[in-house]
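Colleague: The end of the sequence shown is residue 331 by my numbering, with every number in the run present.
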Amino acid sequence: MINPILLGLVESVLGKSNPTARGNHSFNCPFCHHKNPKLEVNLVPNKKNENLWHCWVCDAKGKSLFGLFKRIKVSKEKYTQLEEILGTTQKHDTIVADTKVELPKEYKPLYNLTKSDIHARHALAYLKKRGLTTIDILKYQIGYCETGRYANKIIIPTYNELGALDYFVARSFEKEPSRKYDAPSSDKNIIGFENMINWNVPIVLCEGAFDAIAIKRNAIPLFGKNISKKLMQKLVTTEVRKVYLALDKDAIKSTYKIAEQLLKAGKKLFVVDLDDKDPADMGFELFTNKIQQAQPFTFSSLLNLKLSL
Numbered sequence: 023m024i025n026p027i028l029l030g031l032v033e034s035v036l037g038k039s040n041p042t043a044r045g046n047h048s049f050n051c052p053f054c055h056h057k058n059p060k061l062e063v064n065l066v067p068n069k070k071n072e073n074l075w076h077c078w079v080c081d082a083k084g085k086s087l088f089g090l091f092k093r094i095k096v097s098k099e100k101y102t103q104l105e106e107i108l109g110t111t112q113k114h115d116t117i118v119a120d121t122k123v124e125l126p127k128e129y130k131p132l133y134n135l136t137k138s139d140i141h142a143r144h145a146l147a148y149l150k151k152r153g154l155t156t157i158d159i160l161k162y163q164i165g166y167c168e169t170g171r172y173a174n175k176i177i178i179p180t181y182n183e184l185g186a187l188d189y190f191v192a193r194s195f196e197k198e199p200s201r202k203y204d205a206p207s208s209d210k211n212i213i214g215f216e217n218m219i220n221w222n223v224p225i226v227l228c229e230g231a232f233d234a235i236a237i238k239r240n241a242i243p244l245f246g247k248n249i250s251k252k253l254m255q256k257l258v259t260t261e262v263r264k265v266y267l268a269l270d271k272d273a274i275k276s277t278y279k280i281a282e283q284l285l286k287a288g289k290k291l292f293v294v295d296l297d298d299k300d301p302a303d304m305g306f307e308l309f310t311n312k313i314q315q316a317q318p319f320t321f322s323s324l325l326n327l328k329l330s331l
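1. If you run the structure through DSSP and keep just helix, strand and coil, what is residue 301?
2. On the DSSP letters alone, give me the boundaries of the alpha helix (DSSP H) that residue 158 sits inside.
3. Would you report the Cα separation of residue 171 and residue 294, rounded to the nearest angstrom?
4. Look at residue 224 and residue 258 and say whether their C-beta atoms are less than 8 angstroms apart.
5. Starting from residue 217 and walking both ways along the beta strand (DSSP E), at which residues does that stretch end?
6. Taking the alpha-carbon positions, what's the residue 131 to residue 327 distance?
7. Which term fits residue 76, buried or exposed, when burial requires 16 or more other beta carbons within 10 angstroms of its beta carbon?
8. For a quick check, are the C-beta atoms of residue 52 and residue 94 less than 8 angstroms apart?
9. With a threshold of 16 other CB atoms inside 10 Å of the CB of residue 115, please say whether the residue is buried or exposed.
10. Anyone know if the C-beta pair for residue 192 and residue 213 falls short of 8 angstroms?
11. Run the CB neighbour count on residue 43, radius 10 Å, all protein chains shown included, and call it buried at 16 or more, exposed below.
12. Let me check understanding here. Comparing Cα to Cα, which of 166, 78, 96 and 158 lies closest to residue 239?
13. Do residue 189 and residue 216 have their CB atoms nearer than 8 angstroms?
14. Under 8 angstroms by Cβ, that's how I've got residue 296 and residue 272 pegged, so tell me the actual separation to the nearest angstrom.
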């Protein structure tokens, strides 16, 4: 049964809720601010003593109420009350995001616009040209900036498994920009779009955010050609068995290094032939065909690749 004192505390932080099923209550999400109560919070711990929570719109999620309270920065008094109710032995979520990373103060979400916003229309036209849909914009919380350092640029944020911002990339939507891409000066030891990844099914590694969005299913952007230590550790230690590498041919050295580590870890590896195109240029259907045609990459393949360098 749900502890009424616990329910009262959570509602004092998130507002009134609606009971759903199996000890869950739905709240209005404090992260995406959707008009409907899409944040589902479990108030009866599972067998692992976890209080799972998840927003079905922005995909913010975590494994404990402590992590949720940290994420929304509740007062020390509220946090102390939670400790008194649940005890301090319950597993706490650890937020690993670089707290210095923040979205630009000029950032505006593209899923909440007025018709008179000319800059937004240009941004939307650019995204449509690249094949993105309204669902993509909402799913990835894509926005833009009119002024400031990131003026006339699309902003694509990435969040860790707890829904905390840990990085973002900016891409100009001008026809002839002086600088196409930009990003904050922060630690890139992150996992791109981590809050959307299922570690129990095949993973696709690609280079950029637009590539991952085009691939749609369980794709992680490297934001370059090298894999972060955090991502490699996650791939090695989780249950994921199949990993697909979708990197440009000019990233052959990176492909070799990543492949060697994953093969030694016992993963079943595939290298996708991109035909000198990016996944973002191919689109979902064509890239999916490439995935289906990909052949296993073995230690023999690795040796042949090494000899070709």
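We treat Cβ as the ideally placed atom computed from N, Cα and C, and that holds for glycine.
Modeller: The relevant details are as follows:
1. By one-based count along the sequence shown, residue 301 stands at place 279. Here residue 301 sits in helix by DSSP.
2. To locate residue 158, count along the sequence shown from 1; it is residue 136. Start and end: 156-161.
3. Taking the first residue of the sequence shown as position 1, residue 171 is located at position 149. Taking the first residue of the sequence shown as position 1, residue 294 is located at position 272. Approximately 36 angstroms between the Cα atoms of the pair.
4. If you number the sequence shown from 1, residue 224 lands on position 202. If you number the sequence shown from 1, residue 258 lands on position 236. In this structure, residue 224 sits away from residue 258, with a CB-CB distance that is not shorter than 8 angstroms.
5. Counting from 1 along the sequence shown, the entry for residue 217 is found at position 195. Counting along the chain, residue 217 falls outside any beta strand (DSSP E), and DSSP gives it neither H nor E.
6. Taking the sequence shown and counting its residues from 1, one reaches residue 131 at position 109. Taking the sequence shown and counting its residues from 1, one reaches residue 327 at position 305. Their Cα atoms are separated by approximately 43 angstroms.
7. Start at 1 with the first residue of the sequence shown, and residue 76 comes out as number 54. Residue 76 is buried by the Cβ-count criterion.
8. In the sequence shown, counting from the first residue as 1, residue 52 sits at position 30. In the sequence shown, counting from the first residue as 1, residue 94 sits at position 72. With respect to the 8 angstroms criterion, residue 52 and residue 94 are classified as neighbours on the basis of their beta carbons.
9. Here residue 115 refers to the residue found at position 93 when the sequence shown is read from its first residue. In this prediction, residue 115 scores a pLDDT of 48, lower than 50, which makes its location untrustworthy; the coordinate-derived value is nonetheless stated afterwards. Looking at its Cβ environment, which holds 16 or more other Cβ atoms inside 10 Å, residue 115 is buried.
10. Within the sequence shown, the letter at position 170 stands for residue 192. Within the sequence shown, the letter at position 191 stands for residue 213. It is not a contact, given that the beta carbons lie outside the stated cut-off.
11. Translated into the one-based positions of the sequence shown, residue 43 becomes position 21. Label assigned to residue 43: exposed.
12. As a working note, residue 239 is residue 217 in the sequence shown. Taking only the C-alpha atoms, the option nearest residue 239 is 158.
13. Taking the first residue of the sequence shown as 1, we reach residue 189 at position 167. Taking the first residue of the sequence shown as 1, we reach residue 216 at position 194. Cβ atoms of residue 189 and residue 216: not closer than 8 angstroms.
14. Taking the sequence shown and counting its residues from 1, the one referred to as residue 296 is at position 274. Taking the sequence shown and counting its residues from 1, the one referred to as residue 272 is at position 250. With 8 angstroms as the limit, residue 296 and residue 272 do not qualify as a contact, their Cβ atoms being about 11 angstroms apart.
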